[in-house]
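Student: In the working numbering, the protein residues as written are 669 to 1077. Using N, Cα and C, we set each Cβ at its ideal position, and we do this for glycine too.
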Amino acid sequence: MMTQNVYTVAQVNSYIKNMFTQDFMLQSIFVKGEVSNCKYHSSGHIYFTLKDERGTISCVMFAGNRSGLAFRMQEGQQVVAGGTVDVYERDGRYQLYARQIVLDGAGLLYERYERMKAELEERGMFDPCYKQPIPGYITTLGVVTAATGAAVRDIINVASRRNPYVQIILYPAVVQGEQAAASICRGIKTLEQYGVDVMIVGRGGGSIEDLWCFNEESVAQAIFDCRVPVISAVGHETDVTIADFVADLRAPTPSAAAELAVYEYARLEAALQDYGAALERLLGNRLTLYRSRLEHLATKLKYLSPANQIREKRTYALKLEERLESAMEAVLMKKRHELAVHIERLRGLSPLDKLNQGFAYVSDEDGKTVADIGRVEIGSMLQVHVRNGLIRARALEKETVEWEQRSRS
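1) For Ala1028, does the three-state DSSP call read helix, strand or coil?
2) In whole angstroms, what is the alpha-carbon distance linking Val826 and Thr921?
3) Tell me Glu743's beta-bridge partners as DSSP assigns them.
4) Is the distance from the Cβ of Val728 to the Cβ of Tyr715 below 7 Å?
5) Here's the rule: buried if 16 or more other CB atoms are within 10 angstroms of the residue's CB, otherwise exposed. What is Tyr675?
6) Let's test the definition: count the other Cβ atoms within 10 Å of the Cβ of Glu1067 and tell me whether it reaches 16, buried, or not, exposed.
7) In chain order, what residues of the same chain lie with their CB nearer than 7 Å to the CB of Tyr756, ignoring the 5 residues before and after it?
8) Within 10 Å of its beta-carbon, does Gln768 have 16 or more other beta-carbons around it, so buried, or fewer, so exposed?
9) At 3 residues or longer, what runs of the beta strand (DSSP E) sit wholly inside the stretch 808-869?
10) Mapping DSSP to helix, strand and coil, what is Leu1007?
11) Does the stretch 850-866 come close enough to the stretch 802-813 that 3 or more CB-CB pairs lie under 8 Å?
12) Return the first residue and the last residue of the beta strand (DSSP E) that Asp720 is part of.
13) Assuming Ala1063 contacts Glu1045 under a Cβ cut-off of 8 Å, what Cβ separation, rounded to an integer in Å, is found between them?
14) Secondary structure at Val914, three-state DSSP: helix, strand or coil?
15) Below 8 Å on the Cβ atoms is my guess for Ile876 versus Ala925; work out the distance and round it to an integer in Å.
16) Assign Ser696 to one of three DSSP states: helix, strand, or coil.
17) For His709, name the three-state secondary structure that DSSP assigns.
18) In terms of DSSP beta bridges, what is Arg871 paired with?
19) Can you tell me whether Thr909 is buried or exposed, with buried defined as 16 or more other CB within 10 angstroms of its CB?
20) Counting Cβ pairs, one atom from each stretch, are 3 or more of them under 8 Å apart for the stretch 897-916 and the stretch 830-841?
21) Following the continuous alpha helix (DSSP H) through Ile891, name the residue where it begins and the one where it ends.
22) Would you report the Cα separation of Gly1047 and Ile1011, rounded to the nearest angstrom?
23) Exposed or buried, what is Leu950 when buried is set at 16 or more other beta-carbons lying within 10 Å of its beta-carbon?
24) What does the alpha-carbon distance come out to for the pair Asn953 and Ala901?
25) Do you know how far the Cα of Cys881 is from the Cα of Gln742?
26) Out of Ile836, Gln745, Gly872, state which residue places its alpha-carbon closest to the alpha-carbon of Asn705.
27) From Thr967 to Leu928, what does the alpha carbon distance come to, in whole angstroms?
28) Where does Ala1080 land, buried or exposed, given buried means 16+ other C-beta within 10 angstroms?
29) Can you give me the C-alpha to C-alpha distance between Glu884 and Gln690, rounded to a whole angstrom?
30) For Gln1051, list the residues DSSP reports as bridge partners.
31) Measure from the alpha carbon of Ala934 to the alpha carbon of each residue in Lys987, Val1030, Arg829, His964, then state which is nearest.
32) Relative to the C-alpha of Val699, which candidate in Glu721, Tyr683, Gly751 has its C-alpha closest?
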């Protein structure tokens, strides 16, 4: 035996695993068969066997790939599992690591679906930047679906309940079979030309074959080119078609699509009433504030107005006039008092007053008062002034008398 040709079990298993890894076909393969020995592990993994008349293959779907399974697997089901065939080195066994599992009959369509999805995604038709916003308040709703069936009834019931004033325009399209894709495309273009506000395109649930028209490239292109926002509503919540990726918004069901497209009128009316009450309250508060400011400004204007200023100045002038009159009265009273004093003093010095008391005074012929005996000549004429008249007299003689000395003595 040649020792250099002897390998360990691990080396052989690793070599075989490497061969499987390098085989492109085994890295992405779809296997059809009947399910047996199916076990759902507590960890979330699913272990099962696919078999046919001539053989079996062990399979596993890890918990992380469970999104690729839309139904619960049961014994005896015919399925198509897509994934990778690889070797588990520890046991030296190969098995299918499944990523997607569909019921038999849909496997080839599912493969076509994945290719179409990848191609359209690469072309950018799923890019969010192309998504149009759904209008918040619409008046016309376009619906592309079958004229009969649960989908159109659900849409009409929900839309009418939410807002009876929204007009629903139905394009009765074929939604299953060979003519379906062309019919759906015509419906989208017709409602776009009509000018609806938003459009619902969809149908009720079914198998992948029933829903296949919504995976056609022509339908995807029509939705992408439509200038009216499109809501896709195909099948049930678990059904996902290419139309859902291209549409501006995906609804899980036709009923949900109607709820997304049509605003609830009662809620809007209640909200408007709340806004009206809030607006009225705010306006009332603002009017009260401005009224208070206006009253303040009116008071200020009254105080600063020319008429008020004139009135204030006039009042001030009147007060000054009163003060001036009072001051003048005081001065006049004072002067009157002083005048009275001076009058009394003058009275004491008045010649007439002295005359009234019995005194008289003498003047010469020229009317000059004779206050000195030296100015009188003997024989000159004199005038003696008394209280009630004038006496003419002649100086017969004169005598010098010292009156002060006499009065002091």
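Tutor: Straight from the coordinates:
1) In the sequence shown, counting from the first residue as 1, residue 1028 sits at position 360. Here Ala1028 sits in coil by DSSP.
2) Locating residue 826 in the sequence shown gives position 158, where the first residue counts as 1. Locating residue 921 in the sequence shown gives position 253, where the first residue counts as 1. Their backbone Cα atoms lie some 12 Å apart in a straight line.
3) Position 75 of the sequence shown, counted from the start, is the residue given in the question as residue 743. Bridge partners of Glu743: none, in fact.
4) Looking up residue 728 in the sequence shown gives position 60. Looking up residue 715 in the sequence shown gives position 47. It is a contact, given that the beta carbons lie within the stated cut-off.
5) As a first step, residue 675 is located in the sequence shown; it is residue number 7 there, counting from the start. Flag for Tyr675 reads exposed.
6) Stepping through the sequence shown from its first residue, residue 1067 is reached at position 399. Answer is exposed; the Cβ neighbour count stays below 16.
7) Position 88 of the sequence shown, counted from the start, is the residue given in the question as residue 756. Here the set comprises Gln763.
8) By one-based count along the sequence shown, residue 768 stands at place 100. Gln768 is buried by the Cβ-count criterion.
9) 808-813, 835-840
10) The residue labelled residue 1007 in the question sits at position 339 within the sequence shown. The answer is helix: DSSP assigns Leu1007 an H, G or I state.
11) yes
12) Translated into positions along the sequence shown, residue 720 becomes position 52. Run containing Asp720: 714-720, per the beta strand (DSSP E) assignment.
13) Within the sequence shown, the letter at position 395 stands for residue 1063. Within the sequence shown, the letter at position 377 stands for residue 1045. That pair is a contact at about 7 Å.
14) Indexing the sequence shown from 1 puts residue 914 at position 246. Val914 falls in the helix class under three-state DSSP.
15) What you label residue 876 is simply residue 208 of the sequence shown in a count that begins at 1. What you label residue 925 is simply residue 257 of the sequence shown in a count that begins at 1. Actually they are not in contact, since the Cβ atoms of Ile876 and Ala925 sit about 20 Å apart, beyond 8 Å.
16) Counting from one through the sequence shown, the residue named residue 696 turns up at place 28. In this structure, Ser696 counts as coil in the three-state DSSP scheme.
17) Residue mapping note: residue 709 aligns to position 41 of the sequence shown, counting from 1. If DSSP states are grouped into helix, strand and coil, His709 belongs with coil.
18) Here residue 871 is taken as the residue at index 203 of the sequence shown, counted from 1. Paired residue(s): Val902.
19) As a first step, residue 909 is located in the sequence shown; it is residue number 241 there, counting from the start. Under this definition Thr909 is a buried residue.
20) no
21) Here residue 891 refers to the residue found at position 223 of the sequence shown. Note, Ile891: alpha helix (DSSP H), 885-893.
22) Position 379 of the sequence shown holds residue 1047. Position 343 of the sequence shown holds residue 1011. Straight-line Cα distance between these residues: approximately 40 Å.
23) For this step, residue 950 is matched to residue 282 along the sequence shown. Per the 10 Å Cβ criterion, exposed.
24) Counted from its first residue, the sequence shown places residue 953 at position 285. Counted from its first residue, the sequence shown places residue 901 at position 233. In a straight line, the C-alpha of Asn953 is about 48 Å away from that of Ala901.
25) Here the question's residue 742 lines up with position 74 in the sequence shown. Here the question's residue 881 lines up with position 213 in the sequence shown. Straight-line Cα distance between these residues: approximately 29 Å.
26) As a first step, residue 705 must be located in the sequence shown, where it is residue number 37. Residue Gln745 is the option with its Cα nearest to Asn705.
27) Within the sequence shown, numbered from 1, the residue matching residue 967 stands at position 299. Within the sequence shown, numbered from 1, the residue matching residue 928 stands at position 260. Rounded to whole angstroms, Thr967 to Leu928 spans 58 Å at the Cα level.
28) This structure cannot settle anything about residue 1080, because the visible part of the chain is limited to 669 through 1077.
29) Here the question's residue 884 lines up with position 216 in the sequence shown. Here the question's residue 690 lines up with position 22 in the sequence shown. Looking at the two C-alpha atoms, the distance is approximately 34 Å.
30) Your numbering for residue 1051 matches position 383 in the sequence shown. In the DSSP output, where bridge partners are listed per residue, Gln1051 has Ser1031, Arg1060.
31) The sequence position of residue 934 within the sequence shown is 266, counting from 1. Nearest of Lys987, Val1030, Arg829, His964 to Ala934, Cα basis: Arg829.
32) In the sequence shown, counting from the first residue as 1, residue 699 sits at position 31. The shortest C-alpha separation from Val699 is found at Gly751.
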